[in-house]
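Line by line, the protein sequences give chains P and S.
Per the numbering used here, the very first residue in the first sequence carries number 356; after that it's consecutive.
Per the numbering used here, the very first residue in the second sequence carries number 188; after that it's consecutive.
Before any comments, here is the structure.
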Amino acid sequence: MDNEVAIIGVGLHPFGRTDGLSGQQQGAYALREALKDAGVEWKQVGVAYGGSQDGGNADALSNHLGLTGIPFVNVANGCATGGSALASVIAAIQSGMAEIGVAVGFDKHPRGAFNPRPKDWGLEDWYGETGLMLTTQFFALKTQRYMFEHGITDDALVRIAQRAFRNGALTPHAWRRRELSYEEIAESMPVNLPLRKYMFCNPAEGGAALVLCSAKHARKFTANPVIVKAAVMRTRHHGSFEVFNPGLAAQQSPAPTVMASRAAFELAGVGPGDIDVIQLQDTDSGSELIHIAENGFCEHGEQEHLLRSGATDINGRLPINTDGGCLANGEPVGASGLRQVIEICTQLRGQAGQRQVADAPRLGYTHVYGAPGVSAVTILQAG
Amino acid sequence: MTLDTPPKLACPDQLELSGGLPTLMGSRCRNCGEVYFPASQGCTRCCAIDMEPFTLGSEGLLWSWTIQGFQPKTPYNGGESEADFKPYGVGYVEMPSGVKVESRLTVADPAALRIGMPMVLTLEAYRQVPGEAPVFTYAFAPAA
Chain P
356 MDNEVAIIGV GLHPFGRTDG LSGQQQGAYA LREALKDAGV EWKQVGVAYG GSQDGGNADA
416 LSNHLGLTGI PFVNVANGCA TGGSALASVI AAIQSGMAEI GVAVGFDKHP RGAFNPRPKD
476 WGLEDWYGET GLMLTTQFFA LKTQRYMFEH GITDDALVRI AQRAFRNGAL TPHAWRRREL
536 SYEEIAESMP VNLPLRKYMF CNPAEGGAAL VLCSAKHARK FTANPVIVKA AVMRTRHHGS
596 FEVFNPGLAA QQSPAPTVMA SRAAFELAGV GPGDIDVIQL QDTDSGSELI HIAENGFCEH
656 GEQEHLLRSG ATDINGRLPI NTDGGCLANG EPVGASGLRQ VIEICTQLRG QAGQRQVADA
716 PRLGYTHVYG APGVSAVTIL QAG
Chain S
188 MTLDTPPKLA CPDQLELSGG LPTLMGSRCR NCGEVYFPAS QGCTRCCAID MEPFTLGSEG
248 LLWSWTIQGF QPKTPYNGGE SEADFKPYGV GYVEMPSGVK VESRLTVADP AALRIGMPMV
308 LTLEAYRQVP GEAPVFTYAF APAA
């Protein structure tokens, strides 16, 4: 395709807790790192898309970087904010709107589970007041039903968390860098059964940014561009089992992840078997469990065997969340989807150090899912 | 359950209390027949906006469940202190129409919950603050 877009710079402010810096400051830090990595000045950037949930407006980053007059669009798509921002920048570059664009995300959440306001989601107050409007509950209810339908046991949930923390320990910028034993995870506090404390990621802080340009110009800026073969965002259809739903339809329909994944594979002209390194949304072990199959990397119900066999480990056939994912990095909502893309770029550039996937991975995959039923998928290729 | 005075309800529009058992109220699309809980202004299946009230009933089968193990932040207003918080069950119950209703469960013991078990609707005083009338919401209990 002659109007492909490439990622030419990546930048991260490490996730976790940074008491002295606001969310916007962490976003500005990440953006400067990405510009430096690309060898591009802020003045050269023609369009920006960005978002945060609790850290304020993304376009306020211009006050840190310089008021250059560019269109800077604020994105608010829950956990899928980063993926949505990225898909938007790519479309803008492909349309000819700008030569160079950036996607940026950051956040700074209070400690503990999110407490959304029902009215923001078109729901009545009683749903929150009576204790039904919690993301952790939704993940548990969806996981419980999924495990029942596909004959999966708690073992799979423990192994997903164990691998995340094992990979996090190999990742210098990860927040949680201590390996956890099987027993520590399996016996941790029941938060929302079947999900326990160490099977959930924590809301956190951090920033992530990407610099992109038309692929045909990418080598002017960098020796190792990453080509975006697909960046697709989809929202839910009637009948899919989504967060913040007091009632579910009689007939279930495929999740937005399935639709986004299929469209991305079609656009890129590759299949799940061609992918060398994978990032899947793992707000909790149950979500990753479901997402492995929803993204086409195995059949529903095959996950337990896959996990036991080590296939999803760094040296396995399907390396998933090589940097420890959300479980080891925490989830600053605005930045999280871009952190996934940065990890894939790092792997495709062969710069992932101790967690590097062997044999020069060529194709990578990222997937985010967010409330109230949004999914974004990218397929990335070493340039 | 017998009550001397009408109970104070968190969600009066969702419930019909005039019969024997409390009954859940939803809506149905006049165009395609799709059923909703809570009542919906329009049909997300066929995009029509012609809805009618629909009685969902009082009984169903447990479709999924979890135990809420920590005290939610606001807007939850159970009113108890963190020390007094008791985990509660939450589930989806499949009603005869096929719609699954999210609900508190009267039991919070994993050993007492099983997908597919019959459940029956009741009222639960989820907010009990001294000096105030208790506030009730709908909850499902294992059918006797």
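Cβ coordinates follow ideal geometry from the N, Cα and C atoms, glycine included.
**Q.** For threonine 491 of chain P and asparagine 547 of chain P, believed in contact at Cβ under 8 angstroms, the rounded distance
**A.** 5 angstroms
Q | Rounded straight-line distance, which links the Cα of tyrosine 275 of chain S to that of valine 632 of chain P | A | Each residue's Cα considered, the two are about 40 angstroms apart.
**Q.** contact_flag[the stretch 507 to 526 of chain P, the stretch 260 to 280 of chain S] where n(CB pairs < 8 angstroms) is 3 or more
**A.** no
Q: Please go through the same chain and pick out, in chain order, the residues whose beta-carbon is closer than 6 angstroms to the beta-carbon of histidine 368 of chain P, but skip the five residues on each side of it.
A: Gln381, Tyr384, Ala385, Gly561, Gly562, listed in sequence order.
**Q.** As assigned by DSSP and simplified to three states, the class of valine 286 of chain S
**A.** coil
Q. Does the beta carbon of isoleucine 352 of chain S come closer than 8 angstroms to any beta carbon on chain P?
A. Chain S is shown from 188 up to 331; residue 352 of chain S falls before or after that span and cannot be answered.
Q: With a 10 Å radius around its C-beta and 16 neighbouring C-beta atoms as the bar for buried, classify arginine 217 of chain S as buried or exposed.
A: exposed
Q. Is the CB-CB distance between leucine 441 of chain P and isoleucine 582 of chain P below 8 angstroms?
A. no
Q: Provide the residue span of the beta strand (DSSP E) that contains asparagine 429 of chain P, from first to last.
A: Here the beta strand (DSSP E) through asparagine 429 of chain P covers 427 to 429.
Q: Provide the residue span of the alpha helix (DSSP H) that contains leucine 662 of chain P, from first to last.
A: 658 to 663
Q) If you measure from the beta carbon of glycine 256 of chain S to each beta carbon in chain P, is any gap under 8 angstroms? A) yes
Q | Three-state secondary structure (DSSP) of asparagine 547 of chain P | A | Here asparagine 547 of chain P sits in strand by DSSP.
Q. Listing by chain order, which chain S residues have their CB less than 8 angstroms from the CB of aspartate 409 of chain P?
A. In chain order: nothing, as chain S lies at least about 13 angstroms away.
Q: Compare the C-beta of asparagine 264 of chain S with all C-beta atoms of chain P and state if any pair is closer than 8 angstroms.
A: yes
Q: Use the C-beta contact count for glutamine 702 of chain P: other C-beta atoms within 10 angstroms, 16 or more gives buried, fewer gives exposed.
A: Glutamine 702 of chain P sits buried, since 16 or more C-beta atoms from the chains shown fall within 10 Å of its C-beta.
Q) Terminal residues of the continuous beta strand (DSSP E) containing tyrosine 325 of chain S? A) 322 to 329
Q: Output the boundary residues of the alpha helix (DSSP H) element that contains tryptophan 481 of chain P.
A: Element bounds for tryptophan 481 of chain P: 480 to 484.
Q.
Using beta carbons (cut-off 8 angstroms, strictly below), is proline 283 of chain S in contact with chain P?
A. Answer no: the Cβ-Cβ gap between proline 283 of chain S and chain P never drops below 8 angstroms.
Q) For glutamine 736 of chain P, which three-state DSSP category applies? A) strand
Q) So which residues of chain S does proline 601 of chain P contact, with C-beta pairs closer than 8 angstroms? A) Phe224, Pro225, Val288, Glu289
Q: Could you please give me the residues that DSSP links to aspartate 463 of chain P through a beta bridge?
A: One point to set straight first is that residue 463 of chain P is lysine, not aspartate, in the sequence displayed. Note: lysine 463 of chain P sits in a beta bridge opposite P/Glu560.
(Q) Which residue wins for smallest C-alpha separation from threonine 667 of chain P, given the options P/Ala610, P/Gly438, P/Ile647? (A) P/Ile647
Q.
Taking the alpha-carbon of alanine 270 of chain S as reference, which of S/Pro262, S/Glu281, S/Phe257, S/Val280 has the nearest alpha-carbon?
A. Among S/Pro262, S/Glu281, S/Phe257, S/Val280, the Cα nearest to that of alanine 270 of chain S belongs to S/Phe257.
Q.
By DSSP's criteria, histidine 739 of chain P is part of a beta bridge. Which residues make up the other side?
A. Chain P is shown from 356 up to 738; residue 739 of chain P falls before or after that span and cannot be answered.
Q: Going by DSSP, name the residue or residues bridged to cysteine 681 of chain P.
A: According to DSSP, which records beta bridges pairwise, cysteine 681 of chain P is partnered with nothing at all.
Q: Determine the burial state of leucine 550 of chain P: buried for a count of at least 16 other Cβ atoms within 10 Å of its Cβ, exposed for fewer.
A: So leucine 550 of chain P counts as buried.
Q: Measure the beta-carbon distance from glycine 738 of chain P to alanine 623 of chain P and round it to whole angstroms, keeping in mind my assumption that it falls under 8 angstroms.
A: Not confirmed; about 14 angstroms, so no contact.
Q: Quick one: list the residues of chain P neighbouring cysteine 219 of chain S, beta-carbon separation under 9 angstroms, in chain order.
A: The contacting residues do not exist; cysteine 219 of chain S stays about 10 angstroms from chain P at best.
Q.
Within 8 angstroms, do at least three Cβ pairs link the stretch 415 to 425 of chain P to the stretch 596 to 604 of chain P?
A. no
Q | Rounded C-alpha distance that separates glycine 394 of chain P from glycine 229 of chain S | A | 51 angstroms
Q | Cα-Cα separation, valine 457 of chain P to serine 450 of chain P | A | Approximately 15 angstroms between the Cα atoms of the pair.
Q.
Once DSSP output is grouped into helix, strand and coil, what is the label at tryptophan 476 of chain P?
A. helix
Q: Would you grab the beta carbon distance between valine 760 of chain P and alanine 615 of chain P for me? Rounded to a whole angstrom, and I think it's under 8 angstroms.
A: Residue 760 of chain P lies beyond the range of chain P shown here (356 to 738); nothing can be said about it.
Q. How many angstroms separate the CA atom of asparagine 470 of chain P from the CA atom of isoleucine 699 of chain P?
A. Rounded to whole angstroms, the gap between the alpha carbons of asparagine 470 of chain P and isoleucine 699 of chain P is 31 angstroms.
Q: Enumerate in chain order the residues of its own chain whose CB-to-CB distance from glycine 493 of chain P is below 6 angstroms, with the five nearest sequence positions on each side excluded.
A: Note that residue 493 of chain P is phenylalanine in the sequence shown here, rather than glycine. Correct list, in chain order: Val598.
(Q) Residues of the stretch 460 to 472 of chain P in Cβ contact with chain S at a cutoff of 8 angstroms, in chain order, please. (A) Gly467, Ala468, Asn470, Arg472
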